[in-house]
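Read the structure below first, then the notes.
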Amino acid sequence: MTEEHWSAEVRRDDGALRQLAAEWDDLAARCRTATSFQSAAWLTSWWHAYGSPGRLRLLLVRRDGRLVAGAALTVRYRPYPVLVPVGAGLSDYADVLLDDACADRAAAELAAILPAHRAWAVADLREVRPDGAAQRLLAHWPGRRGRLPDSVCQHLPALPMEELLRRLPGRTAQRSRVKQRKLAEAGVAVRETPVGEVPEAVGALLRLHALQWRGRGATPEHLGERFALHLREAVHGMVAAGRASVQEYRLDGELVAVNVLLLSPRLAGLYLYGAHPSLRRRLDIAGLLFGESLARTLRDGVPVLSLLRGSEPYKQRWRPDQDRNQRLVFGGGRFAPAAVLHLGAVRLRAAAVRTARVRLPWLARVRTRLRELRSAAAGD
């Protein structure tokens, strides 16, 4: 029996993600935990818009020349050097990639090259799913490590709308059926955007999103040109690769809503939408978007529709199931004190937030008002 040859490298050149895109996506197709946020299109466009030259750390492991593990990371200074995932902040799910055929050995090899090529003190991976591939990396890490709770993500089983409504309490289900009938009677025309028209459709989505949230505390980042650059490039690439779908909604010939649905074999995700304020007053936007997204999810044979991060009221109405992402922190060796300090700071901040929610509820109102002001300034 021929002995396997394992090799590892760390790419630091800014063009590495783009150069390795085909090989990276081939690995993603062999990693059952991969989501659209681990696609080459998403990571490459994020790096193009948000990356700092010279700070990319692309960790690669090969078995007999074939890529079997990958971690796309970038260095930040807080003030000590911290490795975080490429896509951090805008990705609802972060992870590494491991080939399912050799996931445990690949994770061990990936854990071995992290300290060998390191000018960093702590690796801080936020928003890892409970069953994410990075959990194996944590299991093989020889130094200081920690696992902390992170954002709540919600999801629904991919069922036809009528079956989904049966999950709801009687009155809620009845009201939702009435709203669904109104949607059918309104005659909203739905069109899936062809790949060549995706950048234009994403631009329309962002304009509608800004209108929809005007004066209501939009996320300021979603109103900026850098985010627009990232989303147009990322979604265009993901639609071309079958990793996303863009849906346009027209009423009486006028474009009134656009949404982006992320697609992967295990789950679809409602990432972002924009809807004209006049549509909100006339029809059930959530019902419209959920209905069409469920139909596409079912058509692709995907078992779960994720509502991603956040617990907004329009999501709660559907009685979604919940999972909590996890924050994985790695450190050790001569940098062990920095890892301990980092973990302590994260835990202290989380405790302070919990205390403020209970004892200082007015802070939430101040925060919302500040977001509204920043949103208004960003939209000017």
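The letter at position 257 of the sequence shown is residue 257 when you use full-length UniProt numbering, and the numbering goes up by one with no holes.
Backbone N, C-alpha and C fix where the C-beta goes; we use that ideal spot for every residue, glycine too.
### Close beta carbons around alanine 295, own chain, < 6 Å, minus the five adjacent residues each side
Along the sequence shown, read from residue 1 onward, the residue named residue 295 stands at position 295. Excluding positions up to five away in sequence, the list is empty.
### Query
For the 8 Å Cβ check, are there 3 or more pairs between the stretch 265-284 and the stretch 199-207?
yes
### Message
Suppose the cutoff is 8 Å on Cβ atoms and the five residues either side in sequence are ignored; what does the same chain contact list for glutamate 3 look like?
### Response
To locate residue 3, count along the sequence shown from 1; it is residue 3. Nothing listed; no residue qualifies.
### Query
Where leucine 20 and alanine 345 are concerned, what is the direct C-alpha to C-alpha distance, given to the nearest angstrom?
Position 20 of the sequence shown, counted from the first residue, corresponds to residue 20. Position 345 of the sequence shown, counted from the first residue, corresponds to residue 345. Spanning the two alpha carbons is a distance of roughly 36 Å.
### The beta strand (DSSP E) enclosing leucine 60, as first and last residue numbers
Translated into positions along the sequence shown, residue 60 becomes position 60. Taken as a continuous stretch (DSSP letters only), the beta strand (DSSP E) holding leucine 60 covers 56-63.
### Message
At 4 residues or longer, what runs of the alpha helix (DSSP H) sit wholly inside the stretch 77-147?
### Response
103-116, 134-140
### Under 8 Å between C-beta atoms of leucine 97 and glycine 65
The residue you call residue 97 lines up with position 97 of the sequence shown. The residue you call residue 65 lines up with position 65 of the sequence shown. No, the Cβ-Cβ distance between leucine 97 and glycine 65 is not below 8 Å.
### Task
Sort out for me which residues DSSP pairs alanine 257 with in a bridge.
Numbered from its first residue, the sequence shown carries residue 257 at position 257. DSSP output for alanine 257 lists Tyr249, Ala275 as bridge partner(s).
### Message
For alanine 112 and proline 81, which I take to be in contact (beta-carbon distance under 8 Å), what is that distance rounded to the nearest angstrom?
### Response
Within the sequence shown, residue 112 is the residue found at index 112, counting from 1. Within the sequence shown, residue 81 is the residue found at index 81, counting from 1. The Cβ separation is near 20 Å, so there is no contact.
### Message
According to DSSP, is valine 304 part of a helix, a strand, or is it coil?
### Response
By one-based count along the sequence shown, residue 304 stands at place 304. In this structure, valine 304 counts as strand in the three-state DSSP scheme.
### Query
Does the separation of the CB atoms of valine 37 and aspartate 99 fall below 8 Å?
As a working mapping, residue 37 is identified with position 37 in the sequence shown. As a working mapping, residue 99 is identified with position 99 in the sequence shown. Checking the displayed sequence, the identity of residue 37 turns out to be phenylalanine instead of valine. Going by C-beta atoms, phenylalanine 37 is not nearer than 8 Å to aspartate 99.
### Query
glutamine 174 lies in the alpha helix (DSSP H); which residues open and close that run?
On the sequence shown, residue 174 is found 174 positions in, with the first residue counted as 1. From DSSP, the alpha helix (DSSP H) with glutamine 174 extends over 170-186.
### Task
Determine the direct distance from the alpha carbon of serine 245 to that of valine 239, and round the result to whole angstroms.
Residue 239 sits at position 239 when you count from the first residue of the sequence shown. Residue 245 sits at position 245 when you count from the first residue of the sequence shown. Roughly 6 Å separates the two Cα atoms.
#### Entry: Residue span of the beta strand (DSSP E) that contains aspartate 321, given as start and end
Looking up residue 321 in the sequence shown gives position 321. 321-330 is the span of the beta strand (DSSP E), which, as asked, contains aspartate 321.
### Query
Tell me the DSSP bridge mates of glutamate 9?
In the sequence shown, residue 9 corresponds to position 9, counting from 1. For glutamate 9, which the question treats as bridged, DSSP gives the partners Leu60.
### Query
Buried or exposed: which applies to proline 53, given that a residue is buried once 16 or more other Cβ atoms fall within 10 Å of its Cβ?
Working through the sequence shown from its first residue, we reach residue 53 at position 53. Exposed, since its Cβ has fewer than 16 Cβ neighbours within 10 Å.
### Task
Return the chain-ordered list of same chain residues with a C-beta closer than 7 Å to the C-beta of leucine 43, the five sequence neighbours on each side being excluded.
Here residue 43 refers to the residue found at position 43 of the sequence shown. Within the same chain, leucine 43 has close Cβ partners Leu17, Ala72, Val86, Gly87.
### Message
Closer than 8 Å is the cut-off here; do at least three beta carbon pairs connect the stretch 153-166 with the stretch 314-330?
### Response
yes
### Message
Measuring straight from C-alpha to C-alpha, what distance separates glutamate 372 and alanine 218?
### Response
Here residue 372 is taken as the residue at index 372 of the sequence shown, counted from 1. Here residue 218 is taken as the residue at index 218 of the sequence shown, counted from 1. Note that glutamate 372 has pLDDT 44, beneath the 50 cutoff, so the model's placement of it is unreliable and the number below is only indicative. Distance between the alpha carbons of glutamate 372 and alanine 218: 7 Å.
### Message
Taking 7 Å as the limit between beta carbons, can you name the residues of its chain near methionine 161, skipping five residues before and five after?
### Response
Against the sequence shown, residue 161 aligns to sequence position 161. So the list reads Gln180, Gly291, Leu294, once near-sequence residues are dropped.
### Message
Based on DSSP bridge pairs, tell me the residues matched to histidine 155.
### Response
Along the sequence shown, read from residue 1 onward, the residue named residue 155 stands at position 155. Answer is Ser306, Asp321.
### Task
Could you pull the start and end residues of the beta strand (DSSP E) that valine 190 belongs to?
Counting from one through the sequence shown, the residue named residue 190 turns up at place 190. Taken as a continuous stretch (DSSP letters only), the beta strand (DSSP E) holding valine 190 covers 189-192.
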